[in-house]
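Chemist: Residue numbers (the UniProt record's numbering): 1 to 610.
Even glycine gets a Cβ: it sits at the ideal position worked out from N, Cα and C.
Note that the structure is a prediction, hence the values are computed from the model and not measured.
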């Protein structure tokens, strides 16, 4: 029975339990009512018969003493006719001899009769006895009728109460449980789309339990997936760290020979050559700069992905940037017979606060692409400025009449390593990183970049930035190289560099500029050189055998007074912001990243010598 009821819905279980309780309660209540009413009516009947006996005793005392049988029979008939429930009536004398009888005495074990016997006493003396047998059948029928009515009434009351409870349970318990079960089941099905979920039980609580089991199983799988994702995340972090370390190492290893290559080519470029030799040098310089640009792009993208690229904030003249970009790209446009125009809605210098190098990088990249992908026509660079009290809104527009970009490629044009056509990298060159880096840099500057294009008609890139206004910085005019040399003996410089090629190239550049140069191959040799010689400036590499540039700088600053205040410029292939900060922290004065051009090197030296 239990197993049969187990799979019933909860509402049917409640109904079944209510019916059982109703039946048991009504039966028990009916039985209690039967006993109570039976006892009550029996006591009432006994009381009535007692009164009847008292009345008969007073009426029949004379006839009983005289044993007047006819009179006693008359009295007996009257009593029998007045009390239809009497089935037997007998009067006895004092010796219990029957004087008169009426009816038949029922059996002693009869359940439907009550027999009463009482003596007739007068003046304290017993003169006879009377016995009456009364039928209780009608009484029991009345009791049964009453009991059935009571049972019916109790059953109706209990059923109404059960119905009310059932409705309350359905609205307050069963319906919410069913809704929860449906939601859990729906959630389970969402995460088990490839599995068929079968709920065996029809009971709400069992189904709810099964749904919870499904959710628990899903949660377990979810935890496993989270653990797998966490492990994958750790692997990605480790891989990214490894990649960053690799890029830093490769940057150092590539920049050192690039410094020597560019330095050697620039030295050769200043010598007397025929046309063919000049062409070879120009081609080599162009290729070296392309390689350096590609290296810088890869490093910039790596920094952006790692969140380590930091923008600088310094005053700059926005008009100078536009003019410098034009001067840099004008020769390239002339080679392709393309007109390069630049216009601006301001004439006076406008000083803003921001990273002028990164802004120049963005605009050169966009303008260079415009020239690269334009075979004929023109490239227009326009700057529109809206100056406010504290900030200036700037909109740069670079528009060309080139090959354009297909419409379906526009949404991906700023993705990494993406070009509008895969054949462009072979025909026009480039890695597809320029626009991606520009987009990221503009985002870091809290600006926007948009593009519109028509195939074979041209493209238009628009950059919008909001930069803070600032005052023009007060700068001292540096003395020229000739003025520095004429003031006395040539300044003595110390070049601390372990790479032989870089030693040779840098020393040659400095000597041609009129400086006396000592060379140290590592940090220990640099400290030894500084013990007995005062230098006007020290060029310090960072990564060297025996002792690196950081420890060498600390040693120089802590030794005698000869070079305690000598300017030290870090010349390193390490291109990270951390390296720049570390150089300043140990006592260096400036930072020059390899490969550095001759002009960059001379500007640094002139700045610190004057």
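1) To the nearest angstrom, how far is the alpha carbon of residue 423 from that of residue 291?
2) Go ahead and pull the three-state DSSP assignment for residue 438.
3) Out of curiosity, what's the CA-to-CA distance linking residue 29 and residue 167?
4) Between the alpha carbons of residue 101 and residue 145, how many angstroms are there, rounded?
5) Report buried or exposed for residue 472, applying the criterion of at least 16 other Cβ atoms within 10 angstroms of its Cβ.
6) For residue 564, which three-state DSSP category applies?
7) Would you mind stating whether residue 238 and residue 501 have Cβ atoms separated by less than 9 Å?
8) With burial defined as no fewer than 16 other Cβ atoms inside 10 Å of the residue's Cβ, what is the status of residue 601: buried or exposed?
9) How about residue 535 and residue 551: are their beta carbons less than 9 Å apart?
10) Less than 7 Å between C-beta atoms, sequence neighbours within five positions excluded: which residues of the same chain meet that for residue 105?
11) Is the beta carbon of residue 132 within less than 8 Å of some heavy atom of the ligand FMN?
12) Can you grab the Cα-Cα spacing for the pair residue 170 / residue 150, in whole Å?
13) Is the segment 502 to 511 touching the segment 522 to 537, taking contact as three or more C-beta pairs under 8 Å?
14) By the three-class DSSP mapping on this structure, what secondary structure does residue 255 have?
15) Among all the DSSP beta bridges, which residues are the ones paired with residue 127?
16) Between the segment 275 to 282 and the segment 301 to 317, do three or more beta carbon pairs fall short of 8 Å?
17) By DSSP, does residue 332 sit in helix, in strand, or in coil?
18) Please list the segments of the beta strand (DSSP E) lying wholly inside the segment 347 to 398, counting only runs of 3 or more residues, in order along the chain.
19) Going by the DSSP bridge assignment, what does residue 134 pair with across the sheet?
20) Under a Cβ-count criterion, where at least 16 other Cβ atoms within 10 Å of its own Cβ denotes burial, should residue 313 be classed as buried or exposed?
21) My guess is that residue 34 and residue 154 are in contact by the Cβ rule of under 8 Å, so how many angstroms apart are they, rounded?
22) On the CB-based measure, 16 or more other CB atoms within 10 Å of its CB, does residue 172 come out buried or exposed?
23) If you drop the 5 nearest sequence neighbours on each side, which residues of the same chain put their C-beta closer than 6 Å to that of residue 147?
24) Would you say residue 381 and residue 410 are within 9 Å of each other, going by their C-beta atoms?
25) Just verifying my parser: in three-state terms, what is the DSSP assignment at residue 119?
26) Within the continuous alpha helix (DSSP H) that includes residue 602, where are the two ends?
27) Assuming contact is defined by CB atoms lying nearer than 9 Å, are residue 604 and residue 556 in contact in what I supplied?
28) When DSSP builds the beta bridges, which residues end up paired with residue 492?
29) Under three-state DSSP, which class holds residue 92?
30) State buried or exposed for residue 129, treating a residue as buried only when at least 16 other CB atoms are found within 10 Å of its CB.
31) Compute the Euclidean distance between the alpha carbons of residue 194 and residue 451, then round it to the nearest angstrom.
32) Counting Cβ pairs, one atom from each stretch, are 3 or more of them under 8 Å apart for the segment 322 to 341 and the segment 351 to 359?
33) Once the 5 residues before and after residue 399 are set aside, which same chain residues still bring their CB inside 6 Å of it?
34) Any idea which residues DSSP pairs residue 459 with across the strands?
35) Going by DSSP in three states, residue 271 sits in which element: helix, strand or coil?
36) Assuming residue 590 is part of the beta strand (DSSP E), what are its boundary residues?
Modeler: Well, looking at it:
1) Residue placement at residue 423 is poorly supported in this model, since its pLDDT is 48, which falls under 50; the coordinates are not used for a value here.
2) Here residue 438 sits in helix by DSSP.
3) Looking at the two C-alpha atoms, the distance is approximately 26 Å.
4) Rounded to the nearest whole angstrom, the C-alpha separation of residue 101 and residue 145 is 34 Å.
5) Looking at its Cβ environment, which holds fewer than 16 other Cβ atoms inside 10 Å, residue 472 is exposed.
6) DSSP places residue 564 in the coil class of the three-state scheme, outside both helix and strand.
7) In this structure, residue 238 sits away from residue 501, with a CB-CB distance that is not shorter than 9 Å.
8) By the 10 Å Cβ count, residue 601 comes out buried.
9) Contact flag unset, no.
10) Contacts found: 88, 133.
11) Of ligands this structure carries none, so the ligand FMN is not represented either.
12) Taking the straight line from one Cα to the other gives about 29 Å.
13) Taking 8 Å as the limit for Cβ pairs, the verdict is that the segment 522 to 537 does not touch the segment 502 to 511.
14) Residue 255: helix per DSSP, three-state reduction.
15) Its beta-bridge partners do not exist; DSSP assigns none.
16) Touching, no, given that fewer than three Cβ pairs across the two stretches are closer than 8 Å.
17) In this structure, residue 332 counts as helix in the three-state DSSP scheme.
18) As far as the segment 347 to 398 is concerned, its whole beta strand (DSSP E) runs of at least 3 residues are 351 to 354, 378 to 387.
19) In the DSSP output, where bridge partners are listed per residue, residue 134 has 86, 114.
20) With fewer than 16 Cβ atoms within 10 Å of its Cβ, residue 313 is classed as exposed.
21) With a Cβ gap of about 13 Å, residue 34 and residue 154 do not count as contacting.
22) Result: exposed.
23) Excluding positions up to five away in sequence, the list reads 30, 33, 34.
24) Contact flag unset, no.
25) In this structure, residue 119 counts as strand in the three-state DSSP scheme.
26) According to the DSSP assignment, residue 602 belongs to the alpha helix (DSSP H) that extends over 598 to 609.
27) Going by C-beta atoms, residue 604 is not nearer than 9 Å to residue 556.
28) BP columns for residue 492 point to 516.
29) Here DSSP, grouped into helix, strand and coil, assigns residue 92 to strand.
30) Per the 10 Å Cβ criterion, buried.
31) Low local confidence applies: a pLDDT of 45 at residue 194 is under 50, so the model's placement there is unreliable, with the coordinate-based value given in what follows. Their Cα atoms are separated by approximately 43 Å.
32) Look at the beta carbons and you see the segment 322 to 341 not touching the segment 351 to 359: under three pairs across the two are nearer than 8 Å.
33) Answer for residue 399: 380, 460, listed in chain order.
34) Its beta-bridge partners are 453.
35) Coil, per DSSP.
36) Segment 590 to 593, the beta strand (DSSP E) holding residue 590.
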